[in-house]
Structures are given as structure tokens and as C-alpha cells.
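Written out below as C-alpha cells is the structure these notes cover.
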Amino acid sequence: MFWVYVLQNPDGKLYIGQTDNLDRRSVQHNDPAYTLTRTTKRF
144 MFWVYVLQNP
154 DGKLYIGQTD
164 NLDRRSVQHN
174 DPAYTLTRTT
184 KRF
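Quick note on the working numbering: the sequence shown kicks off at 144 and runs consecutively.
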């Protein structure tokens with residue numbers, strides 16, 4: 144099953160994404176070594 148999610152960072156910026164594993168994706172969003180989310184701030 145896939146999930147669509149909306150994250151908001153402390154600056155108010157929204158990020159909309161999809162995943163089949165919410166726990167893993169949350170960790171990836173906050174991992175500075177993960178290249179796909181490196182350019183965005185923490186959510």
C-alpha cells in the first residue's frame with residue numbers, strides 16, 4: 144500500500160510525497176546524508 148503525506152517544516156514550507164514505508168521515509172527526510180532530501184530543510 145502506498146501513502147501520500149504532507150510535511151510542514153518550522154519555516155512553513157510544505158512538502159508532499161508518497162511512499163510505501165512511512166517510518167523509513169521519515170528517517171530519510173531528516174538524514175543529511177540522503178541525497179534526495181539534502182537540499183531541503185528538516186521536516
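No residue lacks a Cβ here, since even glycine has one placed at the ideal position from N, Cα and C.
Computed from a prediction, not measured in an experiment: that's the story for all the values here.
Around Gln161, the same chain offers Phe145, Val147 as residues with beta carbons nearer than 6 Å, after the five sequence neighbours per side are excluded. The alpha-carbon of Pro153 is positioned some 23 Å away from that of Asn164. Between the beta-carbon of Ile159 and that of Val170 there is about 18 Å, and that puts the pair past the 8 Å contact cut.
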